[in-house]
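Q:
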Amino acid sequence: MSGASARVFVARLVGTAVFDPSGDQVGKVRDLVVSVRHGTNPPRVLGMVVEVQPRRRIFVPMTRVTSVDQGHIVTTGLVNLRRFEQRANETLVMGELLDRSVEVIETGEKVTILDVGIETDRTRDWLITSLFVRKSGGGLRRRGATLTLTWQQVAGVALAHEHQGAEALLATLESLRPADLANLLQDLPPKRLLEVARALDDERLADVLEELPDDDAVEIVSMLEKERAADVVEEMDPDDAADLLSELSPERANEILSLMEPDDANDLRRLLTYDDYTAGGMMTTEPLVVTPDATVAEALARIRNPEVSPSLAAQVYVVRPPLETPTGRYIGVAHFQRLLREPPSTLVSSIVDTELEPIGPDAPLEALTRYFATYNLVALPVVDEADHLLGAVTVDDVIDHMLPDGWRENSHANEHNPLEVSHGD
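Quick note, this note's numbering runs 23 ahead of the 1-based positions in the sequence shown.
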């Protein structure tokens, strides 16, 4: 096996491309699965968790890995496309070993695992042979010194810990998109999932919750402290936040709403009055809104906000004051492409599109899909009977509601017949 004599640190393998013998990319490494044993015998690496499209995680046994080199991994091409499910005797290196506290046998000192080194032995099995660790900080030092220890120099790796941080794990996963991070979190044990969720900042956790299946998002929010849960829900897009609250128990939802800023809570209460599969149930209450006397430069400044999704940034809604939804009378929409073609000092009222008919909050999903398809839209204004702008529905939310329940965890890309390799091979 190429690279067999060299030590490889697992954190550096995360994100590494995995190829078949013909050079076609199979996916990317997301974690390693090991069998941790009590005593001094080093754990054996059972295989890799590899992410294939679209965001499906499968198990690739180490017996099917033929090369581990810098920047790429090669397999025999024989893989089972069944979704990875962790077994009781298995441990995820990234998901569970990183940030674990262990004891240095010689000194009795507690250290924290930051990374794990693996090597092959004479039988070509991959084993955990070393641990990159950090000592506890002392005095005025923020962080303790780091060092590399052999597996035989530490004790307590196999023991469960009541409190395990997530700093090292999150540092490794910092570059992941929210959807990819959400996919990774789904495979963590509940205790570890909560530890990672608590370590994420509010905005990052809100982004992840928006990408998780309902059951997983509800589980996390239900376990968070109520004040933290309210802060995170405030950071979510209103439509996603309303969907999440509707899945919680009424008591928990009301508890969270009572701790939120009144304006944000009122928006969510209004969204919760609509059925899920209507325009009102799918809309966001925070579209881009300007008055008729706003200039093109002002409208484009709103669009440039990096926190605005591409679908919402496709158009700006022109309304009479007030600008908070429900707004004053809806006038029309200024399309992004039209704004780019006009001088910055031009008033948006002179280029507003009044021919795009808005839709009512009770419009069903079928009507929305026909409207989007007929007019090639990416977003659609929602108004009430008095022509007040209530919000906007974006095409991504429409597609989300068109897909079957559980589509996030049940996607079946490349449903070839699985080959003979089993999880335990």
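Where a beta carbon is used, it is the ideal one built from N, C-alpha and C, also for glycine.
(1) With a cut-off of 8 Å on the beta carbons, I'd call V83 and I151 a contact; round off their distance for me.
(2) Measure from the alpha carbon of R87 to the alpha carbon of each residue in D148, P404 and S153, then state which is nearest.
(3) Could you work out which residue in Q175, Q176 and S159 is closest to A168 when comparing CA atoms only?
(4) Taking the continuous alpha helix (DSSP H) assigned at S245, which residues delimit it?
(5) Assuming P349 and L412 are in contact, meaning their beta carbons sit under 8 Å apart, how far apart are those beta carbons, in whole angstroms?
(6) Within 10 angstroms of the Cβ of E408, are there 16 or more other Cβ atoms? Answer buried if so, exposed if not.
(7) Where do the N-terminal and C-terminal ends of the alpha helix (DSSP H) with T169 fall, by residue?
(8) Of all the options R157, R393 and D203, which has the alpha carbon lying nearest to the alpha carbon of E233?
(9) Identify which residue in S368, A265 and R166 has its Cα closest to the Cα of V319.
(10) Assign Y394 to one of three DSSP states: helix, strand, or coil.
(11) What's the call for Q360, buried or exposed, on a 16-neighbour Cβ count within 10 Å?
(12) If you follow the alpha helix (DSSP H) that V339 is in, where does it begin and where does it stop?
(13) Can a CB atom of chain C be found closer than 8 Å to the CB of D54?
(14) According to DSSP, which residues form a beta bridge with H424?
(15) Name the DSSP bridge partner or partners of D54?
(16) Would you kindly work out how many angstroms separate the C-alpha atoms of D420 and V37, rounded to a whole number?
(17) Can you grab the Cα-Cα spacing for the pair R106 / G383, in whole Å?
A: Checking against the coordinates, here is how it stands:
(1) A Cβ-Cβ separation of about 18 Å leaves V83 out of contact with I151 under the 8 Å criterion.
(2) Comparing Cα-Cα distances from R87 to each of D148, P404 and S153, the minimum goes to D148.
(3) The shortest CA-to-CA distance from A168 to any of Q175, Q176 and S159 is the one to S159.
(4) D237 to M246
(5) 7 Å
(6) exposed
(7) From DSSP, T169 is part of no alpha helix (DSSP H) but of the beta strand (DSSP E) over T169 to T173.
(8) Ranking R157, R393 and D203 by Cα distance to E233 puts D203 first.
(9) Out of S368, A265 and R166, S368 has the C-alpha closest to the C-alpha of V319.
(10) Residue state, collapsed to three classes: helix.
(11) exposed
(12) Element bounds for V339: not the alpha helix (DSSP H) but the beta strand (DSSP E), Q338 to V342.
(13) Absent from the structure is chain C; it holds one protein chain and no more.
(14) For H424, no pairing in a beta bridge is given by DSSP.
(15) According to DSSP, which records beta bridges pairwise, D54 is partnered with V72.
(16) 31 Å
(17) 41 Å
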